Structure formats: structure tokens, C-alpha cells
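Participant:
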Amino acid sequence: MEPAVKNKTKSTEQTDNRLKFLNAALKKNLYQPDALIEILHTAQELFGYLSRETLEYITRELKLPPSKVYGVATFYNFFSLKPKGEHTCIVCMGTACYVKGAAELLSEMEKFLNIKAGETTPDGKVSIATARCIGTCGSAPAIIYDNQVAAYQTKETVIKKLKEWL
Amino acid sequence: MDLAELLEISEKERRKKKPLEIHCCVAASCVSSNSQSIKDKLTEILRNQNLADKVDVIGVGCLGLCSKGPLLRNSQSGEFYCNVSLDNVEEILKDLKGEKCRIEKISPDDPFYKKQMHIVLENSGKIDPESIESYIANGGYITLYQVLHEMTPQEVIEEITKSGLRGRGGAGYPTGLKWSLVAKSVAEKKFVVCNADEGDPGAFMDRSVLESDPHKIIEGMTIAAYAVGAQQGYIYIRGEYPLAISRLQTAIRQAKKYGLLGSQIFEANFDFKIDLRIGAGAFVCGEETALMQSIEGKRGTPYPRPPYPAEYGLWGYPTLINNVETFANVVPIIRNGSEWFSKIGTENSKGTKVFALAGKIARTGLIEVPMGTTLREIVEEIGGGVPNKGKIKAIQTGGPSGGCIPASKLDTPVDYESLIELGSMMGSGGMIVMDENTNMVEVAKFFMEFSKDESCGKCIPCRAGTYEIHNILSKILNGEATQYDFEKLKLLCKMVKETSLCGLGQSAPNPVLSTIMNFEDEYLSLLKEDI
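Chains as they are written, first to last, in our numbering: chain A, 804 to 969; chain B, 386 to 916.
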């Protein structure tokens, strides 16, 4: 599903509320090029990822060279230029989680889903990714399942959660 | 807002207080173990028992002992209820009624709490982080009033300078000196930036402070802005901390509503505004020049200093950048005086330091100890040592920029200089304990993988050097490296350290160098014979 930002006709704007929110964010930031990162955050929140069309739209609205928008979007780990799965699973690879076996959890997951970290299952159900550190080191190893942080994960809890999703 | 109004809010809030409060930790670690539902369930139970007018359940910031979470505290006895779950929450009620209960309790005299001293965390676990009234009732914003009405900017800077406070972000630059440099710079605009881009894996001090006591940072930043003459502030916070972001947003909104941010704060001739800037997952943005680039909406690539941000910062204007914990020290210093603060700690490192204690250790969590406390006191007494009678092999401090301190050096007091002597650094305060089963070469590779991925790619020593160091480490771990490779590794580390553009590259080899310094045998045992 591509966001309908390519065609800026009135009817498209009416059918897609997400574009309205993006425009509101642009307006709130007074179309300042400085606000590029904020706008990309908003766009990704609305559309789930940053498609080529979304990036081009932002480029035009902020009057920035496309190279700059693309450069910023690819520099930061948070921005994804590819669609994500229905469910996301982020394995924390911070030092505390690493010391407590996060790498094994990840490989267990990769084996179970038959994909690598950073990829999505072919049916678009689950994406797995890694994070540098999510800061809940006290309850390591931790995994974020769809924005919910889960503490003290084991191979069993991980597989159970994935089975729930599939 | 004037003083009378502030005192009235404080008085009203205090009158509302019930004789007994149950403090329920709602910081990220306990929230991940379901503390929010526990809080709701306990509130409901008390209501059903008609105890709601005698006992209040309050969500508070971090209570410290994350490994026993979800954690709740009885405000009268000061005791902590540990590992509370939805199934055993009724037991707390039994305890309140004086009956025997089946729930683990820890007294505030437990070794975990006894050795600590709370300055930065003074309100953490005591106030509701989502209520400005709760902060005001605890003496909040009075210091700001006094600063604006009774002190000149020079006097504020003098107090901070005399206190001996040093930057808590890692490098330990004297805070008062930094403030006076920005104050001296002449420009039509100045900025104050709070660096909350806590990227070190294994560090969660700043997250906890922001989640537990966001108004303290706002007050500290406002005092700093008055001292240096800035009108606009930014808090640059990691995108990985959604809870801290939402609490900061709430706090800023509340402060604005009460006129504690905005124009003519406390009816003084002083305007200050704070905006949030949310990071997008780039470790290098914790470096101050990269951070400023990111605030300006650009790729977070560092640029050479000088000119320092104090002269030429955001959009070319003088900018004061301090870490979260540094700002958190400002209010207590001004309130209690520089003399009080300078008596705490060691000769060159004053005050306290917050550490995030994690890894293979019995009690993990957030602690604050006076500078000069030994590592042994921290890991053995406060942390309870390695579980199951294991032995400590090393302590990692300073994240990917720091190093591994061997168990033989546990009696070293914690301060900026002595950690550097051991090949590590204070860093922002992550402290990870490793036990005997840890392979130190693997640890070095882990950090190098981090630095290699997070290198922004601008300068070659860091971009290519970290990659090459990582390759050699892999080769060593695969048993394919010779003495020649090992010598090359050492040379390469030295080169990257000395020639990289910013702090990331300059400190990236530290984990390798410190493990070579302290655990060289492990490297040597993996090398194969020269042919």
C-alpha cells in the first residue's frame, strides 16, 4: 500500500487523512528545512515507512535538494525505506543483554522465522530487528514486541510470542 | 506565577496527601514487567476495601532496584515490596493491616540502599513524574525563583564554579568554566542544549532521571539559561526512549501552563523556551557537534573543534551543551550552596555519580554514590556480587568508549582520573559486571562491531580503522591470527585513537586497548604460531 502523496489532487487529500496530518506537521514547523528530522519522524509514524513518494513530497514541501532528504533518511537507523511487517520484534543487543545471551535469542528467532535481523517474513507478518540498547538493562535480556518492552526473555518466551503472531 | 502562587500550589498539594502512600515504580524497567496494571489493581483493591481515603497509590519514578521489579514502596515504613505481580498484590493489603504476608520485602537499610547518597535522584521514586504539583510540593521551582530574584547571572556561575561540578557526560569538563565561556560570548542569540542522547549500550541513568524527575532538568536548564543569557533551549533525546519523551512533553506543557517557561518567568525580565528534539537512532549524535547538526535537521556528522560550541554552536550562535545528569545537579547546588556540594566526593571529582549497574550481578539497577566510592563497594556490597557464587572477572565502564577493569583493581575509587589511569573512563555511567565465563576478546569485538556500525563515515581513521580492527579481532577469535596480526592490531588502535576526528573514533579502540592491557594472555592464547 503506497501512500497517496504523489497525486496532490483534492480528492486524494480527502481520502487520506494521513496526508492531512503530515501537512499539519509541516505547517506547525513553518516549512523550515531545519525541521526535516521531525517531519520524517511524523511521516514514518503515519505511513509506517518512508516510501520514495513520501520522501519526494517532503523534498518539495521543505524546498530541499532530494540528496539531502535521502541523505538524512538513510543516515539515521530509525528511518526505514522499506515497509515493515504487521508485527515488529526488536531484540536489544546492548552490553547487558549481550552478556545475558541476547545473541542466542536472536539466532533462535532467525532460525524459527527463517529470516535475518532487519528482514520481514515473506508473508509480511513479522519483522525482526536489533537495537543498540533500549535502556532497560536491569531486566536484561529485553525484547520489544510491537512497542511493548518485555523483560527477562528466554528462548521459550520468544518462540511462544512468535507462534502467537503467526 | 509569583512566589505566593507557587507556595499555594505546594501547600494545596501537601494537604491532599494521605497518611499512607504506596509508591509504585512506573519507570521503563518496571513498566516492562507490568507495573502499571499492578498499580491499577492495587488502587481498585483499596477502593473495594474502603481504604481509598487513608491510602493512596502513586506512580513514581525509578526506585532503583530493577532486578527485584516491579517494585513498590510503603511510604511509612520505607520498606520495598519486591517482585510484585498481579497474583500477589493482595499480599500488600495484608501487610498494611499488620497481618503476615507472603511477599518479599526489603528494608531501606538493605546494603543496596544504605551505601547510596541521592542528590541527582533526590526526588526519584518520591514524586509523581507526571505531576508538576508533586514536584512543586517537594520544593521544586523555588530555587529558580531565588535565582531570578536574588542572584545575578555572575553569582550563579560562581556558585557552579566553586562547587567543582564536572560534566557528567563522560569527559568531565568543569561545568562552571563552560558556563562562563558561553556567558562571555557576545551574540544576539544563545542556546542551551541538554544532551539526552544516551547512546552507550548498558547505560540508562539519563533515561531514569528523565522518567522520574523531568522538572528538575527543566529547572536546571532554565537556571543555566539565565546564567549564560540564553532564550531558547533544546533537549535532544533518543528516539528509543518513548516513555521519557512523553514525560518530558508533559512536563514542558505543565511548566508552560504555569508560566515557568515562556516569557517573563516569575515576573522577572527573563524569557526562556524549551523544545524537544527527538533523535533517530545514531550513536554519534551524542557527540556535541554531531548533536547540533542533528538539531539543525542534518546528518549527524561531527565537525572539528575549535571553534567550540561555546563560541560557535547551533546556527553559529554560542551554545551551552550539558548532559542530563549535569543539569540535574544544578538545583541542589544552588539550593544547598557550593560549599555543601564541594565537601562530597574526592579532591578533583566532586559530588556523586549515578551508575547503571547491570550484567552478571545479583542486584541490578540504578544507584547513586559519592565520588571516591570504590568499585568493590559498588559491585560487591551494593550489587551483591556475581550470583551463584561466581567470580567477577571484569567491570566494563564507559560503554564503547570505555574499557574493562580487571577484578584485581576493584579497590580503585571511582573518579574521573583513576578510571582513565586504568584504561577506562567514567563515561556517562554504565557499569556492566562480567563473570569468569566471559571471553574478553569477544567483548572487545562486540564493542568494535558497535563502533564500526555507528561510525558516521566522515573521517577515514574511524571509518576504515574500526572496520579493520574488527576484522583482526574476528581473525584472532577464529584462531587464524599470528603475532604479526596482534602487533598490527595494537598499531592500528593507536592510529585510530590519535587521528580520528571526533570522540567516537578517538575512544573507539579503548575496549580493545584496555582488554589488551589487562587480559593480554587471552589474546596470546588464541594466536597461532608464525610460519
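From the three backbone atoms N, C-alpha and C, an ideal C-beta is built for every residue, glycine too.
Predicted model only: the values in this text are computed from it and were never measured.
Who are residue 795/B's beta bridge partners in DSSP?
Facilitator: DSSP lists no partner for residue 795/B.
Participant: Using the beta-carbon of each residue, which ones in chain A are nearer than 8 Å to residue 825/B?
Facilitator: Residues of chain A passing the Cβ test: none, with the nearest at roughly 12 Å.
Participant: How should residue 453/B be labelled, buried or exposed, when 16 other C-beta atoms within 10 angstroms of its C-beta is the threshold for buried?
Facilitator: By the neighbour-count rule (16 or more Cβ atoms within 10 Å), residue 453/B is buried.
Participant: Using CA atoms only, rank isn't needed, just tell me which of 451/B, 511/B, 500/B, 532/B is closest to residue 442/B.
Facilitator: Nearest of 451/B, 511/B, 500/B, 532/B to residue 442/B, Cα basis: 511/B.
Participant: Would you kindly report the start and end of the unbroken alpha helix (DSSP H) that includes residue 616/B?
Facilitator: Segment: none, residue 616/B is in no alpha helix (DSSP H) and carries neither H nor E.
Participant: Taking only the alpha-carbon atoms, compute the straight-line gap between residue 814/B and residue 945/A and give it to the nearest angstrom.
Facilitator: Approximately 20 Å, taken between the alpha carbons.
Participant: Please confirm whether residue 665/B has its beta-carbon closer than 8 Å to some beta-carbon of chain A.
Facilitator: Yes, residue 665/B counts as interfacial toward chain A.
Participant: What are the start and end residues of each continuous alpha helix (DSSP H) run of 4 or more residues lying completely inside the stretch 829-868 of chain B, in chain order?
Facilitator: Correct list: 845-862.
Participant: Helix, strand or coil: how does DSSP classify residue 541/B here?
Facilitator: In this structure, residue 541/B counts as helix in the three-state DSSP scheme.
Participant: I'd like the ranges of any beta strand (DSSP E) spanning at least 3 consecutive residues and lying wholly in the stretch 905-940 of chain A.
Facilitator: List check, beta strand (DSSP E) in window: 929-934.
Participant: Please work out which residues of its chain come closer than 8 Å, Cβ to Cβ, to residue 572/B, disregarding the five sequence neighbours upstream and downstream, and give them in chain order.
Facilitator: If we look at residue 572/B and ignore the five residues flanking it on each side, its Cβ neighbours are 702, 703.
Participant: Identify which residue in 899/A, 859/A, 865/A, 861/A has its Cα closest to the Cα of residue 835/A.
Facilitator: Taking only the C-alpha atoms, the option nearest residue 835/A is 865/A.
Participant: Taking any Cβ of chain B, which residues in the stretch 837-848 of chain A have a Cβ under 8 Å from it, in chain order?
Facilitator: Per Cβ criterion, the list reads 837, 838, 839, 840, 841, 843, 844.
Participant: Less than 8 Å between the CB atoms is what I'm expecting for residue 908/B and residue 861/B, so what's the real figure, rounded?
Facilitator: The Cβ separation is near 6 Å, so the contact holds.
Participant: Taking CB distances under 8 Å as the criterion, tell me whether residue 599/B reaches chain A.
Facilitator: Chain A contact via Cβ: absent.
Participant: Quick one: Cα of residue 950/A to Cα of residue 469/B, how far?
Facilitator: Roughly 23 Å between the two C-alpha positions.
Participant: Around the C-beta of residue 935/A, are 16 or more other C-beta atoms found within 10 angstroms, so that it is buried, or is it exposed?
Facilitator: Classification for residue 935/A: buried.
Participant: Do you know how far the Cα of residue 948/A is from the Cα of residue 920/A?
Facilitator: Cα to Cα, the separation comes out at about 14 Å.
Participant: Taking Cβ to Cβ, would you say residue 861/A is nearer than 8 Å to residue 915/A?
Facilitator: Not a contact, by the Cβ cut-off of 8 Å.
Participant: Where does the unbroken beta strand (DSSP E) through residue 432/B begin, and where does it stop?
Facilitator: Run containing residue 432/B: none in the beta strand (DSSP E); it sits in the alpha helix (DSSP H), 420-433.
Participant: Roughly how many angstroms lie between the CA atoms of residue 545/B and residue 412/B, to the nearest whole one?
Facilitator: Each residue's Cα considered, the two are about 30 Å apart.
Participant: Residue 661/B and residue 630/B - do their beta-carbons sit closer together than 8 Å?
Facilitator: Yes; because the gap between Cβ atoms is below 8 Å, this pair is in contact.
Participant: Can you find a CB in chain A that lies within less than 8 Å of the CB of residue 586/B?
Facilitator: Interface residue, yes.
Participant: Using a C-beta cutoff of 8 Å, does residue 905/A count as contacting chain B?
Facilitator: No - not a single Cβ of chain B is within 8 Å of the one on residue 905/A.
Participant: For residue 528/B, collect the residues of the same chain with a Cβ closer than 6 Å to its Cβ; drop the 5 residues on either side in sequence, then sort them by chain order.
Facilitator: Excluding sequence neighbours, residue 528/B sits near 716, 719, 720.
Participant: With residue 779/B as the anchor, note down where its alpha helix (DSSP H) starts and where it stops.
Facilitator: Where residue 779/B is concerned, there is no enclosing alpha helix (DSSP H), although the beta strand (DSSP E) it sits in stretches over 777-782.
Participant: So, residue 876/A versus residue 943/A, is the Cβ gap smaller than 8 Å?
Facilitator: It is not a contact, given that the beta carbons lie outside the stated cut-off.
Participant: Taking Cβ positions, are residue 709/B and residue 591/B nearer each other than 8 Å?
Facilitator: Contact flag set, yes.
Participant: Residue 624/B and residue 666/B - do their beta-carbons sit closer together than 8 Å?
Facilitator: Yes. Within cutoff.
Participant: Please report the straight-line C-alpha distance between residue 796/B and residue 499/B, rounded to a whole angstrom.
Facilitator: Each residue's Cα considered, the two are about 19 Å apart.
Participant: Show which residues of chain B have a CB atom less than 7 Å away from the CB atom of residue 932/A.
Facilitator: Going along chain B, no residue has its Cβ under 7 Å from residue 932/A, so there is no contact; the nearest lies around 11 Å.
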